[in-house]
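In the numbering used here, the protein residues as written are 22 to 269. What follows is a set of notes on a single structure, which appears directly below.
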Ligand code: SAH
């Protein structure tokens with residue numbers, strides 16, 4: 022779908038474009054952004070606001086507290102940012118959305134990029150979700166004050182999987198949530214610290230023993246903390262036609 026050298030590109034629609042790149046401009050994501058390995062564009066929804074005050078929100082129909090982002094304003098912002106032939110998925114950060122998973126992150130990062138709408142206040146007028154086919158995505162079962170931090174989270178998770186962004190490719194495939202397990206524990210110098218030693222197997226030089234120990238630790242930690250991941254992997258293998266990737 023993408024041209025051979027078109028980099029993965031995120032377009033963010035927000036009332037606070039100054040929140041970007043924010044943390045995405047630092048560390049590995051930031052270096053990769055600076056050398057053009059991926060692209061980021063934050064666009065101000067208020068440019069499409071109504072009237073002299075560039076108003077973007079109004080009171081909820083039916084009454085109640087807070088304000089709702091107008092569908093006409095959001096639609097104008099979306100149409101200006103992503104023409105109809107833009108192949109990128111259009112996401113709306115929302116606590117009502119399908120919870121983000123590593124499998125979904127992997128499939129998004131393998132595509133051309135994302136267009137993300139960040140909500141504020143009580144949220145957005147429901148009609149723009151259907152009218153512009155927005156897919157609601159949640160980053161967890163808690164409520165943030167706006168979609169920006171959620172969008173930064175999603176983009177960060179995608180960008181670190183892009184080819185050449187992370188130093189060691191392997192650290193992208195062995196870690197937590199790849200497969201059904203959480204990662205094993207890490208250690209580094211000093212060998213002894215406050216009476217706690219690095220497990221002897223890790224400093225013994227037997228690579229086979231290290232691999233077995235890591236697998237066993239990974240299983241123990243997953244069983245202890247997240248038995249739901251093991252149950253989910255078993256369900257996916259039992260063949261309902263595929264895992265996370267195909268089930269959306
Ligand atoms: N009244 C809404 C919450 C609005 S929070 C409700 O009860 O569902 C304001 C905005 O923050 C939302 O429109 C959304 O864009 C963002 N947001 C809040 N929590 C989020 C979450 N868990 N995941 C993704 N986005 C979230």
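Idealized CB from N, CA, C, for every residue including glycine.
Less than 7 Å between C-beta atoms, sequence neighbours within five positions excluded: which residues of the same chain meet that for residue 142? 78, 87, 88, 89, 90
With distances taken between CB atoms, is the gap from residue 179 to residue 130 smaller than 7 Å? yes
Can we say the segment 25-41 touches the segment 96-105, given the rule of at least three CB pairs closer than 8 Å? yes
Starting from residue 233, follow the alpha helix (DSSP H) in both directions and report where the run begins and ends. 228-246
Short of 7 Å in beta carbon distance, which residues of its chain neighbour residue 153, apart from the five on each side in sequence? Order them along the chain. 96, 99, 111
Just curious, the alpha helix (DSSP H) that residue 219 is in, first and last residue? No alpha helix (DSSP H) holds residue 219; DSSP gives it neither H nor E.
In chain order, what residues of the same chain have a beta carbon less than 8 Å from the beta carbon of residue 24, not counting five sequence neighbours either side? Low per-residue confidence applies at residue 24: pLDDT is 46, beneath 50, and the placement is therefore not dependable enough to give any value.
Decide if the segment 237-245 is in contact with the segment 194-214; the criterion is three or more beta carbon pairs, one per stretch, under 8 Å apart. yes
State the Cα-Cα distance for the pair residue 233 and residue 207, rounded to the nearest angstrom. 14 Å
Within a Cβ cutoff of 7 Å, which residues of the same chain sit near residue 94, ignoring the five residues on either side of it in sequence? 66, 69, 70, 71, 77
For residue 60, three-class secondary structure by DSSP: strand
Would you call residue 227 buried or exposed, if buried means 16 or more other Cβ atoms sit within 10 Å of its Cβ? exposed
What residue range is occupied by the uninterrupted alpha helix (DSSP H) comprising residue 212? Neither: residue 212 is in no alpha helix (DSSP H) and is coded neither H nor E.
Would you grab the beta carbon distance between residue 30 and residue 60 for me? Rounded to a whole angstrom, and I think it's under 8 Å. 4 Å
Residue span of the alpha helix (DSSP H) that contains residue 52, given as start and end: 48-55
If residue 132 and residue 168 are in contact, beta carbons under 8 Å, what's the gap, nearest whole angstrom? Not confirmed; about 20 Å, so no contact.
Collapsed DSSP secondary structure at residue 191 in the structure displayed: Model confidence at residue 191 stands at a pLDDT of 48, short of 50, so the residue's coordinates are unreliable and nothing is read from them.
Short of 7 Å in beta carbon distance, which residues of its chain neighbour residue 75, apart from the five on each side in sequence? Order them along the chain. 67
Mind checking which residues open and close the alpha helix (DSSP H) that includes residue 127? 123-130
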